[in-house]
Each structure stands twice: as C-alpha cells, then as structure tokens.
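Undergrad: Read top to bottom, the protein sequences are chains A and B.
All you need for my numbering is the position in the first sequence, starting with 1, plus 315.
All you need for my numbering is the position in the second sequence, starting with 1, plus 504.
Beta carbons: idealized from backbone N, C-alpha and C, even for Gly.
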Amino acid sequence: MDFLQLIVSGLANGCVYGLIALGFVLIYKATEAVNFAQGDFMMLGAFVCIGFTNHEYLGLNFWLAVPLSILVMGVFGYLFNWGILRHMFGQSQTSIVILTIAMGFIIRFFAGSIWSHEPTSLETPYAGQDIRAGGVVLGVDEVMIVVVTAVLTLLFYLFFSRSRTGLAMQAASQNQLAAYYMGIPVKRIHSLVWGLSGMVAAVAGILFASKGAIDPSTGLLGIKAFAAAAIGGFGSLPGALLGGLIIGLVEPLASRYGPPGISQIAPYAILLLVLIFRPGGIFSQTQRKKV
Amino acid sequence: MRFVFKTSYDADIQLFKHRAQAVWYALLLLLVLATPLYFFVIGDAYLLGEITGVLILAIAGMGLMLLTGHTGLPSLGHATFMALGCYLNINLLGAGVPWLIAFPLSGLIAGVLGTMIALPVLRLHGVYLALATLAMSMLTSDFVVIAEPWTGGIAGAAVPDINIFGAEINRYANPYKFYYVVLFVAILLVWFYRNLLRTPTGRSFTAIRDSEISARAMGINLTRTKAMSFFLSATAAGLAGALFGHSAGYVTNETFDLVMSITLLLMIVIGGLGFIHGAFFGAIVVGIIPVAIANGRSFLATTFDVNINVPGLESALFAFILVCFILFEPMGLYGRWLKIRTYFELFPFYRKDMFKRQKSYLKTDRVQ
Numbered sequence: 316m317d318f319l320q321l322i323v324s325g326l327a328n329g330c331v332y333g334l335i336a337l338g339f340v341l342i343y344k345a346t347e348a349v350n351f352a353q354g355d356f357m358m359l360g361a362f363v364c365i366g367f368t369n370h371e372y373l374g375l376n377f378w379l380a381v382p383l384s385i386l387v388m389g390v391f392g393y394l395f396n397w398g399i400l401r402h403m404f405g406q407s408q409t410s411i412v413i414l415t416i417a418m419g420f421i422i423r424f425f426a427g428s429i430w431s432h433e434p435t436s437l438e439t440p441y442a443g444q445d446i447r448a449g450g451v452v453l454g455v456d457e458v459m460i461v462v463v464t465a466v467l468t469l470l471f472y473l474f475f476s477r478s479r480t481g482l483a484m485q486a487a488s489q490n491q492l493a494a495y496y497m498g499i500p501v502k503r504i505h506s507l508v509w510g511l512s513g514m515v516a517a518v519a520g521i522l523f524a525s526k527g528a529i530d531p532s533t534g535l536l537g538i539k540a541f542a543a544a545a546i547g548g549f550g551s552l553p554g555a556l557l558g559g560l561i562i563g564l565v566e567p568l569a570s571r572y573g574p575p576g577i578s579q580i581a582p583y584a585i586l587l588l589v590l591i592f593r594p595g596g597i598f599s600q601t602q603r604k605k606v
Numbered sequence: 505m506r507f508v509f510k511t512s513y514d515a516d517i518q519l520f521k522h523r524a525q526a527v528w529y530a531l532l533l534l535l536v537l538a539t540p541l542y543f544f545v546i547g548d549a550y551l552l553g554e555i556t557g558v559l560i561l562a563i564a565g566m567g568l569m570l571l572t573g574h575t576g577l578p579s580l581g582h583a584t585f586m587a588l589g590c591y592l593n594i595n596l597l598g599a600g601v602p603w604l605i606a607f608p609l610s611g612l613i614a615g616v617l618g619t620m621i622a623l624p625v626l627r628l629h630g631v632y633l634a635l636a637t638l639a640m641s642m643l644t645s646d647f648v649v650i651a652e653p654w655t656g657g658i659a660g661a662a663v664p665d666i667n668i669f670g671a672e673i674n675r676y677a678n679p680y681k682f683y684y685v686v687l688f689v690a691i692l693l694v695w696f697y698r699n700l701l702r703t704p705t706g707r708s709f710t711a712i713r714d715s716e717i718s719a720r721a722m723g724i725n726l727t728r729t730k731a732m733s734f735f736l737s738a739t740a741a742g743l744a745g746a747l748f749g750h751s752a753g754y755v756t757n758e759t760f761d762l763v764m765s766i767t768l769l770l771m772i773v774i775g776g777l778g779f780i781h782g783a784f785f786g787a788i789v790v791g792i793i794p795v796a797i798a799n800g801r802s803f804l805a806t807t808f809d810v811n812i813n814v815p816g817l818e819s820a821l822f823a824f825i826l827v828c829f830i831l832f833e834p835m836g837l838y839g840r841w842l843k844i845r846t847y848f849e850l851f852p853f854y855r856k857d858m859f860k861r862q863k864s865y866l867k868t869d870r871v872q
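1. Could you compute how far the alpha carbon of residue 670 (chain B) sits from the alpha carbon of residue 601 (chain B)?
2. What are the start and end residues of each continuous alpha helix (DSSP H) run of 4 or more residues lying completely inside the stretch 517 to 567 of chain A, in chain order?
3. Which residues in the same chain have their Cβ closer than 6 Å to the Cβ of residue 757 (chain B), if we skip the five residues on either side of it in sequence?
4. Look at the Cβ atom of residue 844 (chain B), then the Cβ atom of residue 749 (chain B), and state whether they are nearer than 8 Å.
5. Report the rounded CA-to-CA distance for residue 743 (chain B) versus residue 584 (chain B), giving the unit in angstroms.
6. Please give me, in chain order, every unbroken run of the alpha helix (DSSP H) with length at least 4 that falls completely inside the stretch 544 to 611 of chain B.
7. Quick one: list the residues of chain A neighbouring residue 625 (chain B), beta-carbon separation under 9 Å, in chain order.
8. Can you tell me whether residue 328 (chain A) is buried or exposed, with buried defined as 16 or more other CB within 10 angstroms of its CB?
9. Do residue 794 (chain B) and residue 680 (chain B) have their beta-carbon atoms positioned less than 8 Å apart in this structure?
10. Got a sec: is the Cβ-Cβ distance from residue 824 (chain B) to anything in chain A below 8 Å?
11. With DSSP as the reference, label residue 441 (chain A) as helix, strand or coil.
12. Just to confirm, is the Cβ distance from residue 436 (chain A) to residue 562 (chain A) under 8 Å?
13. My assumption, with CB atoms under 8 Å, is that residue 592 (chain B) sits in contact with residue 614 (chain B). Please give the rounded CB distance.
14. Whole angstroms is fine: what's the gap from residue 816 (chain B)'s alpha carbon to residue 425 (chain A)'s?
15. I believe residue 531 (chain A) touches residue 403 (chain A) by the beta-carbon criterion, under 8 Å. Please report the beta-carbon distance rounded to the nearest angstrom.
16. Going by DSSP in three states, residue 677 (chain B) sits in which element: helix, strand or coil?
17. If you check the beta carbons only, do residue 710 (chain B) and residue 582 (chain B) fall under 8 Å apart?
18. Whose C-beta lies closer than 6 Å to the C-beta of residue 622 (chain B) among residues of the same chain, with five residues either side of it excluded?
19. Taking 7 Å as the limit between beta carbons, can you name the residues of its chain near residue 567 (chain A), skipping five residues before and five after?
20. Using the Cα positions of residue 783 (chain B) and residue 775 (chain B), report the straight-line distance between them to the nearest angstrom.
21. Excluding five sequence neighbours on each side, which residues of the same chain lie with their C-beta closer than 6 Å to the C-beta of residue 587 (chain A)?
22. Please classify residue 672 (chain B): does DSSP put it in a helix, a strand, or coil?
23. Starting from the beta carbon of residue 541 (chain A), find every residue of chain B whose beta carbon is closer than 9 Å, and list them in chain order.
24. For residue 370 (chain A), count the other beta carbons within 10 Å of its own beta carbon; 16 or more makes it buried, fewer makes it exposed. Which is it?
25. At what residues does the beta strand (DSSP E) containing residue 454 (chain A) begin and finish?
26. What are the start and end residues of each continuous beta strand (DSSP E) run of 3 or more residues lying completely inside the stretch 809 to 866 of chain B, in chain order?
27. Examine chain B for any beta-carbon lying closer than 8 Å to the beta-carbon of residue 475 (chain A), and answer yes or no.
28. Could you give the distance in angstroms between the alpha-carbon of residue 625 (chain B) and the alpha-carbon of residue 578 (chain B)?
29. Relative to the alpha-carbon of residue 678 (chain B), which residue among B:550, B:804, B:604 has its alpha-carbon at the smallest distance?
30. In angstroms with no decimal places, state the Cα-to-Cα distance between residue 332 (chain A) and residue 522 (chain A).
31. Comparing alpha-carbon positions, which option in A:409, A:420, A:459 lies nearest residue 446 (chain A)?
32. Name the residue from B:754, B:738, B:801 whose alpha carbon lies nearest to the alpha carbon of residue 569 (chain B).
33. List, in chain order, every chain B residue whose beta-carbon is nearer than 8 Å to that of residue 579 (chain A).
34. With the cut-off set at 8 Å, would you say residue 830 (chain B) and residue 413 (chain A) are in Cβ contact?
35. Which one of A:372, A:406, A:380 has the shortest CA to CA distance from residue 861 (chain B)?
36. In whole angstroms, what separates the C-alpha of residue 694 (chain B) from that of residue 368 (chain A)?
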C-alpha cells in the first residue's frame, strides 16, 4: 500500500512537471524557441489564483477564480510575446534563451514583492478530502491533477492535429518563411501560442499550489520539467507528458529505495543521460544537419 | 577621419590596427598598473579588492566569451568549471605543490575534465547544449557534497594563501600584491586570447559560430574545433575559479551555483557578445550594480527617509538591464561604444543601419 501511495503522489508530481513541459513544447513546436521562464510562468499562475481565491487577498469563489486566473495568464503570455519576444524575431536562439532566463528573474521578483516570499498554499474547496477505494487512500487533489492533465493533453492533441490554428502553428514552426508565403500570420500565431502556454502554466500552477505550498523560487522547478521535455524529445506533446511522469515517479522511488541524496540528482542525471545517449529524446524527431 | 592603408597581407591580422590604437592600449596598461598607487596613497584598499573581484569575473567571462561569443555555443554551466579549478587548486596546494605550478595545473586539469564532460554533449547544438550545461550546473552542488573528502562538502573548505617563492599573498593581508597577481593573469589571458583569434583555430571558431554548415563545407572538423574551444574556455574558467577561491578565502557547495553560471552568461551579453572587451565591460557592470544599489539605498534612507529592503532586487535589476540590452542594444556595451566611435570617425556619413545584422528565418531540423 505504501508503494502504491508513493506511485500516486509521484504521478501527481509528474503530471505537474509534464504540464510545465507541455508549455515548453507548445512554444518550441510553434516558435522554435525555448521558454526558460516557463517554471516562473507556472509560479505566477499559482500566485494569481492565490490572489483571487485566498481569504487574505480577494477571497473569490474558487471555481470563479480558476478560469479567471487562467485567462489572466493567457493574456500575460500573449502580451509577453507581443511586448518582448516579437522584437527578437529573427535573432539567434541563444539570445532568446538568455532573455527568457532574465525574464524569469524579473517575474520571480515581482511575485515575491506582491505576494511575499513565504510559502503559501491555495485554498481549495476539496483540500484535505480523499477517496478511499479498496484500502487505498487517494487525496482528491492528487486525483484531480491526474484527471485534469489527461484531459488537457487530449485537448491539445486534437487541437494540433485537427484545428486550422493548430496546423498553422505547426507550419509556422517548420518553416517561418514558407508559412508567411502561405498567408499564415506568423507573428500572431506566435503570440497565440505564448498565450496558450501561459494558460497551461496557470493550470499547472493551480494544481501544484492546491497540493502543497508554493513560493516564488518554486519557478526553478522548471528545470526538472526540462528533463521531462528532453526525454520526450522536445517536439512531442505526449512525450513531454511521459517524460514528466518518469521524472515524477523516479524522484519518490529514488528517495525511498535509493541511497541518500540520489533523489535530488536523479532528474538532472536523467536529463544529461538522455541528452548524451539519445539527444532527440525517446520520441526522436531530429535529424542531424549534414553538408 | 583616419584612413588605414594596408600595404601587406599581415596588416589584416596585426594586433593593433594603427599606431594610435597601440598608444591607447599602452596608456590603459599604465593606468591599470598604477591603480594600486592611488589606493596606497589614500590608505584604503577596500575598493581595490572590488576591482580585483571584477578582474577575476572578467577572466571567467573571457572563458565563456570564447565559447559563447566566438564559437556560438551557449553554456549555462561555467560555474562548474570554476568549481573544478577552485577545488583542484585547493587540493594541489594542500598536497604541497607550489602555487606557481598548482595554479596553472588546476586550470589545465579543469580544462581537460571540462572537455571530457562536454565531449558527449558537443554533438548537441543551441538549446540542447544550454540544457545539458544547465543540468551540469544543477548537479555541481550535489557533487561537491558527495566528494566531501576533497571539497569539505557543506562545511566548506578554506583556501590556502598564494605563495610565490616564499612571498605569502593573502587577499586581506596584502591586497596590492593580490591585485597584481590577478592583473598579470588577466593580461596574459587577454594577450593569448587576442593572438588566438588571429590563428586558424581562432578563425575556425568564428566560422562555426556564423554557420556550422559552411564551416563544415570549408573543411573544419566540427567536433574537434568545438572540443578545443570547450577546453580553452574551461581552462580559463578553472583559472578564474582558482583565483576566486583565493579571493573568497572560503568556499562551500553553494559558492559555485546556478546563479553564478547565469550571471557569467548575462555578463558577457551585457558587455557585448563576440568582443574581448565585452567580458571586461560586463564584469564592471556586474561589479558596480551591488555597490550602486547599496549606495542608492543609503541615499534614499538618509535624504528621503525611505527604506527599501526588497529581497531579490539585485538580480531583478540586473535582469531588467539585461532585457533592455538584448532588446535595444544586442551588441552590448562594447557595440554601443563601437557605434559611437564610428559615428564620430565617419562624421557626417554615419548611417543608422550600418551595424544591422541580417535576420534569419528559422527552419526546424525536426522531421515532421
């Protein structure tokens, strides 16, 4: 039973990693840029929802606050691209990497100034409740995370493979110039993708903060999500999720059964190993440039 | 307006473009050599210590500049190489190796180890390399704890004093000597760096940065050249790390953390990617910001009775400056200076887009 509970909490953590990774992958798939501030987006989303919900701030109804904060983060993502990243259009990937890292610092600072640096947790109506099924006790918050993640993944899969906008996003990522020629408004598509990934980040943040406390430096969790995205190959939505689950499961299992200290190292070691032995990830999509 | 007439092929790769330039650099050398005199006269060496810190940062920055600015490989893990250099230096000194041997040796070993770590990830490019080095940087602190017999782990390790032929040099006991040691290393590295850039190796670095495909078509061995760049870069970072250890006096597992790696990267971008000057300008900015914030804080407190004490203000301000630079002056401080200088040199013929870079449209290398 102990083992099963470990697995469930690992899965729940893994889903959060997977959702952050989903945010990376969305942006990477459409704009070929990696958002190193995605973890901070997640943190900001959580704090926005805390600001709406918790009684010491606005004290709104939880079910009203959730769509509201998702919307706020979507607008934030859109404006982030419109105001800052659009001006980087056509510049090297390295400068985008550095820019998003810097923006992460700034977001962390503002979140800390507005909502304090103390760990805060989100007040949810289902906090502390659990489901008992055949001797296994599952927290509603953890089940919620798994269900929401599964639904979101399905939605995104359909969005990218079926909808017009989703296809346009794929086209814009494959070849910007050709996409322009086909009449795709590449710049607006980019902003939309950033908005979308802001929304995913908000969902991840809300789920994370409903399970445990969050503070501004939680944004560094994004680095573990990189491991998740890299395992999945950076271009694959289900891959990102699977990577998240692997990382999420490895952590509690390693700390339970492995030598001390290994659980901290494990996610990064996995990231390095994947990059060394299978640079394209499990769902490899890259091919080497050859002359 | 100055016209430089090139009368030989060597004129293209001379260290100084014309005599006036050589004179200016000679004056700069005199200035940095004479700086301690001023502090000696006023009898307060505190600021000199800060300047020494800036020089050490600049050495590490030069290492990263070679990799990121000249070879085009972003690294978020240079603090790892600094840690390698620092701990190697401590252990070699502890084993009784004289400083004059231990110091360069620790840099070289850090370079070799760095290359060994980096070789598998060299096949990666752009974002993936940044990720791999990021993971490396996150692991550094844990490995320092694991390797406790050599590093002192969480408790930390004291760094022995520099000893050159019996002359004990300690940052606090004799800051002037320490300044000259650091300055000597910095000048030596600049000289080496400047010369490297005009050799075939140095030029192949730049070729790789500008286009891997065309560099390959020109017959450059990508893996070997990248590994070479990594080696030199990690060596410089290792030397900087060793000096940093001497300057800090005491290092723990949290000294060389991710923030330091990121600071180095941000530093060279602010200074100007692809210019040796950039490493120094960036280091000066990084050195000035904390002092400026502290001064601004006390100014506000004394004049307006406003107390600002926000945690994280320093890094946020730094990040803000960086964002402004990337958006409005991607060539950094040195690029700005180049533009101003060109404006006056060509007056009134300077045009707005003289330094404009060609935009490239992204094409994915994923198979769809």
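TA: On the basis of the supplied data:
1. As a working note, residue 670 (chain B) is residue 166 in the second sequence. As a working note, residue 601 (chain B) is residue 97 in the second sequence. Rounded to the nearest angstrom, the two C-alpha atoms are 13 Å apart.
2. Within the stretch 517 to 567 of chain A, the complete alpha helix (DSSP H) segments of 4 residues or longer fall at 537 to 547, listed in chain order.
3. As a working mapping, residue 757 (chain B) is identified with position 253 in the second sequence. Contacts found: 645, 648, 649, 658.
4. Residue numbering aside, residue 844 (chain B) sits at position 340 when the second sequence is read from its first letter. Residue numbering aside, residue 749 (chain B) sits at position 245 when the second sequence is read from its first letter. In this structure, residue 749 (chain B) does not lie closer than 8 Å to residue 844 (chain B) by Cβ.
5. For the purposes of this step, residue 743 (chain B) is taken as the residue at position 239 of the second sequence. For the purposes of this step, residue 584 (chain B) is taken as the residue at position 80 of the second sequence. If you take the alpha carbons of residue 743 (chain B) and residue 584 (chain B), they lie about 12 Å apart.
6. Taken in chain order, the complete alpha helix (DSSP H) segments of 4 residues or longer contained in the stretch 544 to 611 of chain B are 550 to 568, 582 to 598.
7. Here residue 625 (chain B) is taken as the residue at index 121 of the second sequence, counted from 1. Under a criterion of Cβ atoms nearer than 9 Å, the residues of chain A adjacent to residue 625 (chain B) are, in order, 587, 590, 591, 594.
8. Taking the first residue of the first sequence as position 1, residue 328 (chain A) is located at position 13. Flag for residue 328 (chain A) reads buried.
9. For the purposes of this step, residue 680 (chain B) is taken as the residue at position 176 of the second sequence. For the purposes of this step, residue 794 (chain B) is taken as the residue at position 290 of the second sequence. For residue 680 (chain B) and residue 794 (chain B), no; Cβs fall outside 8 Å.
10. Walking along the second sequence from the start, residue 824 (chain B) turns up at place 320. Taking Cβ atoms only, chain A reaches closer than 8 Å to residue 824 (chain B), which makes this a yes.
11. Taking the first residue of the first sequence as 1, we reach residue 441 (chain A) at position 126. Coil at residue 441 (chain A), not helix or strand.
12. Position 121 of the first sequence, counted from the start, is the residue given in the question as residue 436 (chain A). Position 247 of the first sequence, counted from the start, is the residue given in the question as residue 562 (chain A). No; because the gap between Cβ atoms is not below 8 Å, this pair is not in contact.
13. Stepping through the second sequence from its first residue, residue 592 (chain B) is reached at position 88. Stepping through the second sequence from its first residue, residue 614 (chain B) is reached at position 110. For a cut-off of 8 Å, the C-beta gap from residue 592 (chain B) to residue 614 (chain B) is around 6 Å, short enough to register as a contact.
14. The residue labelled residue 816 (chain B) in the question sits at position 312 within the second sequence. The residue labelled residue 425 (chain A) in the question sits at position 110 within the first sequence. If you take the alpha carbons of residue 816 (chain B) and residue 425 (chain A), they lie about 9 Å apart.
15. Your numbering for residue 531 (chain A) matches position 216 in the first sequence. Your numbering for residue 403 (chain A) matches position 88 in the first sequence. Contact doesn't hold; Cβ gap of about 25 Å is too wide.
16. Against the second sequence, residue 677 (chain B) aligns to sequence position 173. Looking at residue 677 (chain B) - three-state DSSP - the assignment turns out to be coil, as it is neither helix nor strand.
17. One-based indexing of the second sequence puts residue 710 (chain B) at position 206. One-based indexing of the second sequence puts residue 582 (chain B) at position 78. Not closer than 8 Å, so no.
18. Along the second sequence, read from residue 1 onward, the residue named residue 622 (chain B) stands at position 118. Residues of the same chain with a CB within less than 6 Å of the CB of residue 622 (chain B), apart from the 5 flanking positions on each side, are 734 in chain order.
19. As a first step, residue 567 (chain A) must be located in the first sequence, where it is residue number 252. Cβ within range, chain order: 321, 324, 325.
20. Against the second sequence, residue 783 (chain B) aligns to sequence position 279. Against the second sequence, residue 775 (chain B) aligns to sequence position 271. Taking the straight line joining both Cα atoms gives about 6 Å.
21. The residue labelled residue 587 (chain A) in the question sits at position 272 within the first sequence. Excluding residues within five positions, none has a Cβ falling inside 6 Å.
22. Residue mapping note: residue 672 (chain B) aligns to position 168 of the second sequence, counting from 1. It is a strand residue.
23. By 1-based counting over the first sequence, the position of residue 541 (chain A) is 226. Neighbours of residue 541 (chain A) in chain B, taken as residues whose beta carbon is under 9 Å from its own, are 635, 638, 639 in chain order.
24. Position 55 of the first sequence holds residue 370 (chain A). Under the 10 Å beta carbon count, residue 370 (chain A) is surrounded by fewer than 16 other beta carbons and is classified as exposed.
25. Here residue 454 (chain A) is taken as the residue at index 139 of the first sequence, counted from 1. Note, residue 454 (chain A): beta strand (DSSP E), 451 to 454.
26. If we require 3 residues or more, the stretch 809 to 866 of chain B turns out to have no beta strand (DSSP E) run fully inside it.
27. Along the first sequence, read from residue 1 onward, the residue named residue 475 (chain A) stands at position 160. Residue 475 (chain A) is outside the set of residues whose beta carbon lies under 8 Å from a beta carbon in chain B.
28. The sequence position of residue 625 (chain B) within the second sequence is 121, counting from 1. The sequence position of residue 578 (chain B) within the second sequence is 74, counting from 1. Going from the Cα of residue 625 (chain B) to the Cα of residue 578 (chain B) covers about 12 Å.
29. In the second sequence, residue 678 (chain B) corresponds to position 174, counting from 1. In terms of CA proximity to residue 678 (chain B), B:550 leads the group B:550, B:804, B:604.
30. The residue given as residue 332 (chain A) occupies position 17 in the first sequence. The residue given as residue 522 (chain A) occupies position 207 in the first sequence. Here the alpha carbon of residue 332 (chain A) sits roughly 11 Å from the alpha carbon of residue 522 (chain A).
31. Residue mapping note: residue 446 (chain A) aligns to position 131 of the first sequence, counting from 1. For residue 446 (chain A), the nearest C-alpha among the options comes from A:459.
32. Translated into the one-based positions of the second sequence, residue 569 (chain B) becomes position 65. Of B:754, B:738, B:801, the residue nearest in Cα terms is B:738.
33. Indexing the first sequence from 1 puts residue 579 (chain A) at position 264. Under the 8 Å cutoff, chain B gives 646.
34. As a working note, residue 830 (chain B) is residue 326 in the second sequence. As a working note, residue 413 (chain A) is residue 98 in the first sequence. Yes. Within cutoff.
35. Translated into the one-based positions of the second sequence, residue 861 (chain B) becomes position 357. With distances taken between Cα atoms, residue 861 (chain B) lies closest to A:406.
36. As a position in the second sequence, residue 694 (chain B) is number 190, starting the count at 1. As a position in the first sequence, residue 368 (chain A) is number 53, starting the count at 1. Each residue's CA atom was taken as its position, placing residue 694 (chain B) and residue 368 (chain A) some 57 Å apart.
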